[in-house]
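Working notes, structure below.
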Amino acid sequence: MSERRLFRRRALWIAGNWKMNGTRAETQAFFDALKSSFPKSDLPAALHTAIFVSPLSIDRALTVRGDLPVEIGLQNVHFESKGAYTGEISGPMALEAGVKLALVGHSERRQYFGETDATAKRRTESLLAQGFTVIHCIGETKTERLENQTENVLARQIDDGLPTEYSDRLIVAYEPVWAIGTGLTATPEQAEEAHAFIRARLATCYNREAAEKLPILYGGSVTPEVFPALLALPNVDGGLVGGASLKPESFRTLIEQGVEASRSAE
Ligand code: 13P
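Structure (C-alpha cells):
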C-alpha cells in the first residue's frame with residue numbers, strides 16, 4: 647500500500663483557534679454568516695471542522711451554530727476536575743456546557759502562561775480520560791530552528807508531553823512558533839519534513855499502526871492561498887488556523903479546500 651493511500655485513510659481537520667477574539671455578538675455574527683454560505687452538500691465523513699472559542703462564547707456558539715457540522719472547543723482546560731485553580735476551567739464544567747473538544751499546550755500557553763511539557767501532558771491525559779478529543783500542540787521557536795534544534799525540540803515535546811497511552815481521540819498540531827501570526831507559513835517542504843519526523847516519533851512512542859492513524863495538523867499563518875499545497879502533503883491532515891478562521895468567508899474557503907482534499911482522496 648502506498649504512503650498516499652495510508653494518508654487518505656486518516657481523518658482531516660479544519661480547526662479554527664480564535665485565541666482571545668470573538669465576543670458573544672461577534673460569535674453570533676460569524677456563525678450566522680457561515681450558515682448562509684456553508685457548503686450545501688454533506689461533508690465527507692472523515693472531515694471534521696471545529697472552532698475553539700472563548701469560554702464566555704460557548705453557549706452562544708453552540709446555540710447559533712444550529713445544525714452546522716462545526717464542533718465547538720475550548721482553548722485551555724485544567725487537568726483537575728475542581729479546586730483552587732483561579733482562572734481555570736475544568737473538564738466537568740466543559741462537559742456540562744456541551745463541549746468535548748480541547749486544545750492543549752498551544753505555544754501561547756507555553757510562552758505567556760508557563761505551560762510545560764509536563765503540565766500539557768497532565769491536561770491531555772486527564773481530558774482524554776474524561777472522554778474529550780484533544781488537539782495537542784507542539785512546535786519549535788525561530789531560534790530553535792536556526793540552531794538546528796527543530797527535531798530535538800519536537801522529540802522532547804512528544805516524549806515528555808504526549809500521553810503515555812495512545813488514544814484515537816488524540817490529535818497533534820505542529821505549529822512552528824515562528825510561523826504563528828507572522829505571515830511566514832512553513833513551506834510545504836518544511837511542513838512535510840516536520841510532520842514525517844513527528845509521525846516517525848509517534849511510532850516509537852506508541853506503535854506504527856497508531857502513528858499512521860493519528861492526524862497531524864499544521865498551524866502557522868494558514869490562509870486559503872497556501873492551504874491546498876499543505877493539504878496535498880502525505881503527512882499533513884488538516885490545519886489549526888488562527889487569523890484566517892476569524893472571517894466566515896476565509897474559514898468557509900478553508901473548509902471547501904478540505905472537502906476537495908477529502909474527495910480527491912476517495
Ligand atoms: P495564525 O493562523 O494566526 O498564524 O495562528 C496559528 C495558531 O496559533 C493556531 O493555533
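Residues 647 to 912 (the numbering used here) are what the sequence shown spells out, left to right. Here a beta-carbon is modelled for each residue, glycine too, at the ideal position from N, C-alpha and C.
Requested in this report: Could you round the C-beta distance between Y820 and Y864 to whole angstroms and report it? I think they count as a contact, below 8 Å.
Outcome: For the purposes of this step, residue 820 is identified with residue 174 of the sequence shown, where counting begins at 1. For the purposes of this step, residue 864 is identified with residue 218 of the sequence shown, where counting begins at 1. Right, the Cβ-Cβ distance comes to about 6 Å (below 8 Å), so this counts as a contact.
Requested in this report: Please classify A661: does DSSP put it in a helix, a strand, or coil?
Outcome: As a first step, residue 661 must be located in the sequence shown, where it is residue number 15. It is a strand residue.
Query - Distance, E754 Cα to E704 Cα - result: Sequence index remark: in the sequence shown, residue 704 carries index 58 (1-based). Sequence index remark: in the sequence shown, residue 754 carries index 108 (1-based). It should be pointed out that residue 704 corresponds to Ile in this sequence rather than to Glu. Spanning the two alpha carbons is a distance of roughly 21 Å.
Query raised in the report: Per DSSP, what kind of secondary structure is Y812 in: helix, strand or coil?
Result: Residue mapping note: residue 812 aligns to position 166 of the sequence shown, counting from 1. The answer is coil: DSSP assigns Y812 none of H, G, I, E or B.
Query raised in the report: Would you call the region 893–908 and the region 849–858 in contact, with 3 or more CB pairs under 8 Å?
Result: no
Query raised in the report: So what does DSSP say about A819, is it helix, strand or coil?
Result: Position 173 of the sequence shown, counted from the first residue, corresponds to residue 819. Strand, per DSSP.
Query raised in the report: What is the DSSP secondary structure of T789, counted as helix, strand or coil?
Result: To locate residue 789, count along the sequence shown from 1; it is residue 143. In this structure, T789 counts as helix in the three-state DSSP scheme.
Query raised in the report: Which parts of the region 836–898 are runs of the beta strand (DSSP E), unbroken and 3 residues or longer, counting only runs that do not cross its ends?
Result: Entirely contained in the region 836–898, the beta strand (DSSP E) runs reaching 3 residues are, in chain order, 862–865 and 884–887.
Query raised in the report: How would you write the range of the beta strand (DSSP E) that F759 sits in, first residue to last?
Result: Walking along the sequence shown from the start, residue 759 turns up at place 113. Premise fails: F759 lies in the alpha helix (DSSP H), S753 to F759, not in any beta strand (DSSP E).
Query raised in the report: For the candidate residues A675, P690 and L792, whose alpha-carbon lies nearest to that of L658?
Result: For the purposes of this step, residue 658 is taken as residue 12 along the sequence shown, with counting starting at 1. Out of A675, P690 and L792, P690 has the C-alpha closest to the C-alpha of L658.
Query raised in the report: Within 10 angstroms of its Cβ, does M666 collect 16 or more other Cβ (buried), or is it exposed?
Result: Your numbering for residue 666 matches position 20 in the sequence shown. Answer is exposed; the Cβ neighbour count stays below 16.
Query raised in the report: Below 7 Å between beta carbons: does that hold for A890 and T869?
Result: Position 244 of the sequence shown holds residue 890. Position 223 of the sequence shown holds residue 869. Against a cut-off of 7 Å, the Cβ pair of T869 and A890 comes out as a contact.
**Report entry** Collapsed DSSP secondary structure at R742 in the structure displayed
**Finding:** For this step, residue 742 is matched to residue 96 along the sequence shown. Here residue 742 turns out to be Glu, not Arg, going by the sequence shown. DSSP places E742 in helix when its eight states are reduced to three.
Report task. Give the C-beta separation of L774 and L816 to the nearest angstrom, bearing in mind that I take them to be a contact with Cβ-Cβ under 8 Å. Result -> Taking the first residue of the sequence shown as position 1, residue 774 is located at position 128. Taking the first residue of the sequence shown as position 1, residue 816 is located at position 170. That belief holds up - the Cβ atoms of L774 and L816 are roughly 6 Å apart, short of 8 Å.
Query raised in the report: Mind checking if S703 is an interface residue toward chain C, Cβ cutoff 7 Å exclusive?
Result: As a matter of chain content, chain C is missing from the structure shown, which is built from one protein chain.
Requested in this report: Output the distance between the C-alpha atoms of R651 and L848, rounded to the nearest integer angstrom.
Outcome: Position 5 of the sequence shown, counted from the start, is the residue given in the question as residue 651. Position 202 of the sequence shown, counted from the start, is the residue given in the question as residue 848. Its pLDDT being 43, under 50, R651 is placed unreliably in this model, and the value from its coordinates should be taken loosely. Straight-line Cα distance between these residues: approximately 19 Å.
Report task. Measure the Cβ-Cβ separation of P874 and Q836 and say whether it is below 7 Å. Result -> In the sequence shown, counting from the first residue as 1, residue 874 sits at position 228. In the sequence shown, counting from the first residue as 1, residue 836 sits at position 190. Between P874 and Q836, the C-beta gap is not smaller than 7 Å, which leaves the two residues out of contact.
Report task. Determine, using beta-carbon pairs with one atom in the region 720–729 and one in the region 791–806, whether at least three such pairs fall under 8 Å. Result -> no
**Report entry** Among L747, L800, P822 and P809, the one whose alpha carbon lies nearest that of L708
**Finding:** Residue numbering aside, residue 708 sits at position 62 when the sequence shown is read from its first letter. Here the closest residue by C-alpha is L747.
Requested in this report: Would you mind sorting A907 into buried or exposed? The rule is 16 or more other CB atoms within 10 Å of its CB.
Outcome: By 1-based counting over the sequence shown, the position of residue 907 is 261. Classification for A907: buried.
Report task. Provide the residue span of the beta strand (DSSP E) that contains F698, from first to last. Result -> As a working note, residue 698 is residue 52 in the sequence shown. Bounds of the beta strand (DSSP E) holding F698 are L693 to V699.
Query - C-alpha gap between C851 and D678, whole angstroms - result: The residue given as residue 851 occupies position 205 in the sequence shown. The residue given as residue 678 occupies position 32 in the sequence shown. C851 and D678: Cα-Cα distance of roughly 43 Å.
**Report entry** Sequence-distant residues of the same chain with beta carbon closer than 6 Å to A743, five excluded per side
**Finding:** For the purposes of this step, residue 743 is taken as the residue at position 97 of the sequence shown. Closer than 6 Å at Cβ, skipping near neighbours: I704.
Report task. Would you please state the rounded distance, in angstroms, between the beta carbons of G733 and A696? I believe it to be under 8 Å. Result -> What you label residue 733 is simply residue 87 of the sequence shown in a count that begins at 1. What you label residue 696 is simply residue 50 of the sequence shown in a count that begins at 1. Rounded to the nearest angstrom, the Cβ distance from G733 to A696 is 24 Å, too far for a contact under 8 Å.
Requested in this report: Give the DSSP-derived three-state secondary structure of G712 in the structure shown.
Outcome: On the sequence shown, position 66 is the one that residue 712 refers to. Three-state result, G712: coil.
**Report entry** Start-to-end residues for the alpha helix (DSSP H) that takes in A748
**Finding:** Taking the sequence shown and counting its residues from 1, the one referred to as residue 748 is at position 102. A748 -> not in any alpha helix (DSSP H); beta strand (DSSP E) instead, spanning L747 to V750.
Query - Residues of its chain near I801, where Cβ-Cβ distance is below 6 Å and the 5 sequence neighbours each way are ignored - result: Translated into positions along the sequence shown, residue 801 becomes position 155. Looking at the sequence itself, residue 801 is Ala, so the reference to Ile does not match. Cβ within range, chain order: R847.
Query - Distance, S682 Cα to I862 Cα - result: Taking the first residue of the sequence shown as position 1, residue 862 is located at position 216. Taking the first residue of the sequence shown as position 1, residue 682 is located at position 36. Each residue's alpha carbon lies about 30 Å from the other.
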